[in-house]
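Remarks on the structure that follows.
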Amino acid sequence: MGNVVKENDNVLLYLTKKRTYLTKVKRGTTLHTHRGYIRLDDVIGRRYGEVVKSHLNTDFIILKPTIRDYIFKYTRKTQIIYPKDIALMIFYSGIGPGSIVVEAGTGTGALTS
Numbered sequence: 022m023g024n025v026v027k028e029n030d031n032v033l034l035y036l037t038k039k040r041t042y043l044t045k046v047k048r049g050t051t052l053h054t055h056r057g058y059i060r061l062d063d064v065i066g067r068r069y070g071e072v073v074k075s076h077l078n079t080d081f082i083i084l085k086p087t088i089r090d091y092i093f094k095y096t097r098k099t100q101i102i103y104p105k106d107i108a109l110m111i112f113y114s115g116i117g118p119g120s121i122v123v124e125a126g127t128g129t130g131a132l133t134s
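Residue numbering for the sequence shown follows this note's numbering, starting at 22 and increasing by one per position.
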């Protein structure tokens, strides 16, 4: 039964290699794309690998999302840190000449410079 889409499952609707849609399946909701809209009620009860059609008769393949899909489709909310704030962070952290610092992140890399 794990191969059937249920309500609240996350699915990846595949149009092309460069055009996929990661969405949570909920009754009464619609996914709007440039190739038409898909009623997510039509996805519930189907098997992964099946095709669902948009209202414009475009085929989308229903897939189980992989960890890669979650990583690349997840909306990130990065925060810009301004030089004035960076200076205050360095002051309070005690970083100085000769300090060994490890910095990691997914933003602009401004702190690295």
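A virtual CB, placed ideally from N, CA and C, is assigned to each residue, including glycine.
Measuring alpha carbon to alpha carbon, tell me which residue in the options is nearest residue i.
i: F81; options: E28, Y58, Y103 and L109; result: Y58
i: L34; options: L77, L109, V73 and I116; result: V73
i: Q100; options: G126, K94, I92 and I83; result: G126
i: R40; options: V25, N29 and R56; result: R56
i: T96; options: K38, T37, L36 and Y42; result: Y42
Buried or exposed: residue i, going by 16 or more other Cβ atoms within 10 Å of its Cβ?
i: S114; result: exposed
i: I107; result: exposed
i: L157; result: It is not possible to answer for residue 157, since the shown part of the chain is limited to 22 through 134.
i: V122; result: exposed
i: I116; result: exposed
How long is the line joining the alpha carbons of residue i and residue j, rounded to whole angstroms?
i: D142; j: S75; result: Here the chain covers residues 22 to 134 and nothing more, so residue 142 does not appear.
i: G119; j: I111; result: 14 Å
i: K98; j: I92; result: 13 Å
i: D62; j: R48; result: 5 Å
i: R60; j: K105; result: 49 Å
i: N78; j: E124; result: 49 Å
i: K38; j: T54; result: 15 Å
Just to confirm the assignment, what range does the beta strand (DSSP E) spanning residue i have?
i: R60; result: G57 to R60
i: K74; result: V72 to K74
i: I121; result: From DSSP, I121 is part of no beta strand (DSSP E); its letter is neither H nor E.
i: R40; result: R40 to K45
Roughly how far, in whole angstroms, is the beta-carbon of residue i from the beta-carbon of residue j, given that I think they are within contact range, below 8 Å?
i: V46; j: N29; result: 7 Å
i: P86; j: V32; result: 7 Å
i: G70; j: I88; result: About 19 Å; that fails the 8 Å criterion.
Would you mind reading off the limits of the alpha helix (DSSP H) that contains residue i?
i: D106; result: P104 to S114
i: R144; result: Any property of residue 144 remains undetermined from this structure, which presents the chain solely from 22 to 134.
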